[in-house]
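These notes concern the structure reproduced below.
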Amino acid sequence: MLGERLAAALGAARDGAAGIESFAHLLGSRRVGPRGVALALTEVCEGCAALLAALDSLSAAVRDGFVEAGDAAAADAACAALGHASVEVARLTDELSRASAGAAPGRALARGRGERGGIDARQRLALESSVRRAARELSGSLRLSELVMATLELRPTPLDLIDVLRNWSASPAEGRPVIAISVASSDGRANEVEGDVRAVSGLMELAVGMVSAAGVASPHLAVSRLPDGRSTVRIAERSPREAATSVALDVVVRDGGERAVAVARVVARRARIELAEGTGGRVVTMTF
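Sequential numbering from 6 applies to the sequence shown in my numbering.
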């Protein structure tokens with residue numbers, strides 16, 4: 006079944022990404038010596054090869070799923086994110102292979118001599134930076150692709166937008182700054198919408214990332230109700246005339262680049278949420 010294919014490939018991709026994240030932490034730990042790092046390099050190189058295969062399998066399963074759904078644009082958005090992840094893993098694989106060849110801990114251990122083995126401090130710092138970059142890019146790419154995948158099986162339920170916002174994770178992500186946002190609702194009824202919680206929360210996170218990338222330092226979310234009964238969320242810089250903050254949150258800024266914008270548009274369309282982008286990307290409005 007397609008669902009099983011997606012689940013298996015996604016699980017393998019997540020495991021591979023977790024392995025790279027763990028290696029980044031190992032490199033940052035001063036309790037692990039040069040030889041220990043060198044020994045881990047071989048396993049991580051093998052893991053990267055398996056991760057590339059998993060990303061290929063995941064892309065194929067995603068493509069098949071959206072072909073069946075008749076939505077090639079959604080497949081393109083998800084596969085673009087996965088393709089970026091594959092490029093990053095391939096880049097990292099080359100760097101790890103070169104580092105592994107230079108370290109060659111196995112030969113020193115096999116000869117039973119006292120050579121130090123491993124990589125020096127300068128190489129280790131450079132490698133740590135590269136691995137952390139790959140881990141960050143993988144995390145973002147998988148997040149984007151999973152958000153698109155979630156729209157294959159939307160599960161609309163009654164939602165309170167303020168509750169959805171409160172449930173955001175504010176945990177710092179490697180290389181992704183945490184910023185403060187403010188939220189105001191002029192009408193409690195405007196908070197009540199029908200939607201898939203994964204699509205709604207993911208879309209709002211992406212919208213915050215979009216306006217932040219456009220230069221809005223402290224995004225403000227204003228929830229209001231239209232005359233026709235629909236609810237809107239407007240994300241922009243707060244005007245002095247706008248209502249006082251009713252909720253203050255810290256959120257991890259998600260991607261605001263082209264791939265993220267493409268995903269936001271696809272998710273909004275599939276979830277039947279109107280998404281409007283203002284000039285320069287400094288304003289994003291969602292209508293439910």
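Beta carbons are placed, not taken as given, at the ideal position from N, Cα and C, and that holds for glycine.
Limits of the alpha helix (DSSP H) - the one that residue i falls within
| i | result |
| --- | --- |
| Val-42 | 39-73 |
| Ala-243 | At residue 243 the sequence reads Arg, which differs from the Ala that was named. No alpha helix (DSSP H) holds Arg-243; DSSP gives it neither H nor E. |
| Ala-185 | Looking at the DSSP string, Ala-185 is not in any alpha helix (DSSP H); the run it does join, the beta strand (DSSP E), is 183-190. |
| Val-169 | 166-171 |
| Leu-211 | 202-218 |
| Ala-253 | That residue, Ala-253, is in no alpha helix (DSSP H); its beta strand (DSSP E) goes 252-257. |
| Val-153 | 126-155 |
Best match in the options for proximity to residue i [C-alpha to C-alpha]
| i | options | result |
| --- | --- | --- |
| Arg-96 | Glu-73, Glu-142 and Ala-59 | Glu-142 |
| Leu-157 | Arg-127, Val-136 and Asp-76 | Asp-76 |
| Ile-184 | Ala-218, Arg-138, Gly-52 and Ser-223 | Ser-223 |
| Ala-17 | Cys-53, Arg-230 and Ser-27 | Cys-53 |
| Ala-265 | Ser-144, Ala-241 and Glu-247 | Ser-144 |
| Glu-151 | Ala-204, Arg-103 and Trp-173 | Ala-204 |
| Leu-254 | Arg-194, Val-289, Asn-172 and Leu-231 | Asn-172 |
| Ser-102 | Ala-86, Val-136, Cys-84 and Asp-69 | Val-136 |
| Leu-46 | Glu-242, Gly-24, Leu-159 and Leu-60 | Gly-24 |
| Met-154 | Cys-84, His-89 and Arg-230 | Cys-84 |
| Arg-246 | Leu-147, Ala-219 and Ala-227 | Ala-227 |
| Arg-2 | Gly-8, Leu-164, His-89 and Glu-133 | The chain is shown from 6 up to 293; residue 2 falls before or after that span and cannot be answered. |
| Leu-302 | Ala-241, Glu-242, Ser-91 and Val-49 | Absent from the structure is residue 302, since the part of the chain shown begins at 6 and ends at 293. |
| Gly-257 | Thr-237, Ala-241, Arg-274 and Glu-210 | In the sequence under discussion, the amino acid at residue 257 is Val, which differs from the Gly named in the question. Of the listed residues, the one whose Cα sits closest to Val-257 is Glu-210. |
| Ala-106 | Ala-14, Leu-44 and Gly-21 | Leu-44 |
| Ser-244 | His-225, Gly-193 and Val-67 | His-225 |
| Arg-19 | Ser-191, Ala-58, Thr-98 and Gly-193 | Ala-58 |
| Asp-192 | Ala-212, Pro-182, Ile-167 and Val-94 | Ile-167 |
| Val-49 | Phe-28, Ala-219 and Gly-41 | Phe-28 |
| Gly-21 | Thr-98, Arg-239 and Leu-231 | Thr-98 |
| Val-272 | Val-202, Ala-13 and Glu-100 | Val-202 |
Residue i, enclosing beta strand (DSSP E) - first and last residue
| i | result |
| --- | --- |
| Leu-226 | 224-230 |
| Glu-279 | 279-282 |
| Val-266 | Unbroken run through Val-266 is the alpha helix (DSSP H), 263-275; no beta strand (DSSP E). |
| Val-289 | 289-292 |
Supposed contact pair residue j and residue i - C-beta distance, whole angstroms, cut 8 Å
| i | j | result |
| --- | --- | --- |
| Gly-214 | Gly-261 | 4 Å |
| Ala-267 | Ala-82 | 5 Å |
| Gly-200 | Phe-293 | 6 Å |
| Val-216 | Val-288 | 7 Å |
| Ala-195 | Ser-229 | 5 Å |
| Ala-80 | Phe-71 | 4 Å |
| Ala-140 | Glu-26 | 5 Å |
Contact check, residue i vs residue j, beta carbons under 9 Å
| i | j | result |
| --- | --- | --- |
| Leu-63 | Leu-11 | yes |
| Leu-147 | Leu-87 | yes |
| Ala-296 | Leu-159 | Coverage of the chain is limited to positions 6 through 293, which leaves residue 296 absent and any answer about it impossible. |
| Thr-290 | Thr-237 | yes |
| Pro-164 | Val-198 | The sequence shown places Leu at residue 164, rather than the Pro named in the question. Cβ distance < 9 Å, so Leu-164 and Val-198 count as in contact. |
| Pro-39 | Arg-129 | yes |
| Ala-212 | Leu-280 | yes |
| Ala-218 | Gly-283 | no |
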